[in-house]
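The numbering used here applies: residue 2 is where the sequence shown begins, and numbers increase by one. Down below is the structure, laid out as structure tokens.
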Amino acid sequence: MTSTLLRGRTLSFVRWPETIDDHSAWRYEEDGGLLIRDGRIVAAGAYAQVEKQAGEGARKIDHRPHLLLPGFIDAHAHFPQMQVIASYGAELLDWLNTYTFPEETKFANAQHGRRIARLFLDEMVRHGTTTVAAYCSVHKASAEAFFAESHDRNMLNIAGKVMMDCNAPDGVLDTPQSGYDDSKALIGEWHGKGRQHYAITPRFAITSSPQQMEMAGALCREHPDLHMQTHLSENHAEIAFTQELYPWSRDYTDVYEHYGLLGKKSLFGHCIHLSKREADALSATGSVAVFCPTSNLFLGSGLFDYQRFRRRENPIRIAAATDVGGGTNYSMLRTMDEGYKVIALNGEKLNPFQSFWQMTRGNAEALSVAEKIGTLDAGTDADIVVLDARATPAMRLRMETVETLAQELFLLQTLGDDRAVREVYVAGRAAKTDMAT
Ligand SMILES: [Zn+2]
């Protein structure tokens, strides 16, 4: 069996780095090696050691002086919104009604869905993202298109058809029964097929009737190992409308709580304006709050309180995400650059090690897939990104004055984008090169 031996500066996290000097939180090899066989990392460490295990026939690829990290993970994005991104001048509800819902009606056409799924995953790979938790459109065909494309590329992705049966145009509505049936069929067809994971995906409380919320809860009970993804507390008008639709609820979170949608595999996009009770409910259930900085800034939604969520007595699990097309960039580097600024506006800092932990191991833990992805540990899937901190003239110039790994990572985050991504391995396959040829 052929194996591949990668050489470069390897960086992988063991746990959350408390400070910039918390060296035992990561493993860094100046001359590192990764031995890949059958789509998995079978050995990692100092190159000289790993090379000994490689055997005669191993294909050697030298990425020096570049950095090898686990592939980036994007915990929330909408694949049908590639032609919505960069739409001017609206807050959340107007943005959905004016741009997003009309665009998503096009995904009734399976051919359109297949085209956009292909281009979306191209864009993910181009930006170094090897796993995404994606919302499809309401149409079953859109999820089929996404999973077929993802499976063809052997990517570990999480996705689901959105369930939405009210407060949107007819072209993007299902019914409580059809939403349930289509989700059920998609779970049967795709969940656990290769590296595919299905996520039960009620879009948000506003576009699901109480009957549909019941059905979403039923799906979660019937499939407790599945992810559930939705939106929570993004925007004040959204919160007020939710309160009108569910007048009995104590708050927005209570709506999801009532239908049994909180839990360790539940991913809540945004979580900006949570009360203490809501934050307690998320932490008590191990639910995940998904930080989408470019989207929150672009739609003027508010500032996610990252450090306060981490520091509270009962911390909230956090993931980070692009939220394309409310988000404005496909890159997790660009995302965490904006994340840094959001956190700064809250009077806090996120150091570069914490930031790269979040994009890799942190998101893998939040998505409960850390045994498979998010590190360079032996035994995990070989999803790897190769980063070049001298990718542009401005980066090259700035690198002249960079002396530490922390400074280099911060430069990559602040000035980097898809140009800094030299190669991407998906289950050991050079996917960025494959795309270009
Ligand atoms: Zn979203």
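We put the CB at the ideal spot given by N, CA and C, even for glycine.
For the set Gly40, Asp324, Leu35 and Leu69, the Cα lying nearest the Cα of lysine 53 is the one of Leu35. With a threshold of 8 Å, the Cβ atom of tyrosine 136 counts as near ligand 1, since some heavy atom of the ligand is closer than that. Judged by beta-carbon spacing, leucine 268 lies beyond the 9 Å limit of alanine 395, meaning their Cβ atoms are not closer than that value. When DSSP reads this structure, valine 163 sits in a beta bridge with Thr202. Glycine 303 sits away from histidine 259, with the two beta carbons spaced by 9 Å or more.
Taking the Cβ of cysteine 293 as the reference point, at least one heavy atom of ligand 1 falls within a distance shorter than 8 Å.
Straight-line measurement puts the Cα of glutamine 408 at about 11 Å from the Cα of glutamate 401.
Selection Glu150, Pro203, Asn155 and Asp384 evaluated against aspartate 175 yields Pro203 as nearest (Cα-Cα).
The DSSP-derived three-state label of tyrosine 181 is helix. Between alanine 78 and tyrosine 136, the alpha-carbon positions lie close to 6 Å from each other. In this structure tyrosine 257 is buried. Its beta-carbon is surrounded by 16 or more other beta-carbon atoms within 10 angstroms. In terms of Cβ geometry, lysine 61 and leucine 6 form a close pair [threshold 9 Å]. For alanine 322, the three-state secondary structure derived from DSSP is coil. Check the Cα spacing between arginine 318 and each of Asn236, Ala280, Thr329 and Leu377: the tightest is with Ala280.
Residues Pro71, Thr361, Arg362 and Ala365 of the same chain have their beta carbon placed closer than 6 Å to that of glycine 375, with the five preceding and five following residues left out of the count. Taking 8 Å as the cut-off, the C-beta of serine 296 counts as close to a heavy atom of ligand 1.
With a threshold of 8 Å, the Cβ atom of glycine 58 does not count as near ligand 1, since no heavy atom of the ligand is closer than that. Considering only Thr101, Ala285 and Phe73, the residue with the shortest C-alpha distance to phenylalanine 80 is Thr101. Judged by DSSP secondary structure, leucine 6 falls within the beta strand (DSSP E) whose first and last residues are 4 to 14.
The shortest C-alpha to C-alpha distance from tryptophan 27 to any of Gly33, Asp39, Glu19 and Phe14 is the one to Phe14. In the structure shown, the three-state DSSP call for asparagine 155 is coil. When Cβ pairs closer than 8 Å are counted between the two stretches, the segment 231 to 240 is seen not to touch the segment 180 to 196, the count staying below three.
In this structure, the CA atom of glutamate 314 is about 10 Å from the CA atom of serine 284. Three or more Cβ pairs drawn from the segment 285 to 303 and the segment 322 to 336 lie within less than 8 Å of each other, which places the two stretches in contact. Cβ contact annotation for glutamate 239 (same chain, cutoff 7 Å, sequence separation greater than five): Leu93, Leu94 and Ile207, in chain order. Ranked by how close their Cα comes to the Cα of tryptophan 17, the residues Thr415, Arg311, Leu412 and Asp32 have Arg311 in first place. Annotation: glutamate 404 to arginine 10 spans about 15 Å, alpha carbon to alpha carbon.
Within the DSSP bridge table, the entry for methionine 229 names Ile201 and Ser267 as partners. Counting the other Cβ atoms within 10 Å of the Cβ of serine 151 gives 16 or more, which makes it buried. The Cβ atoms of valine 325 and isoleucine 159 do not sit closer than 9 Å to each other. In the same chain as valine 43, and ignoring 5 residues on each side of it, the C-beta atoms closer than 8 Å to its own belong to Ser4, Leu36, Ile37, Gln54, Ala379 and Gly380, in chain order. Going down the chain, each residue whose beta-carbon is closer than 6 Å to a heavy atom of ligand 1 shows up: His77, His79, His232, Gly270, Asp324 and Gly327. Alanine 428 and glycine 46 have their alpha carbons spaced roughly 19 Å apart. Taking 9 Å as the cut-off, the beta carbon of glutamine 82 is found no closer than this to the beta carbon of glutamate 57. Residues Arg127, His128, Gly129, Tyr331 and Ser332 of the same chain have their beta carbon placed closer than 8 Å to that of aspartate 419, with the five preceding and five following residues left out of the count.
The beta carbons of leucine 220 and histidine 198 sit no closer together than 9 Å.
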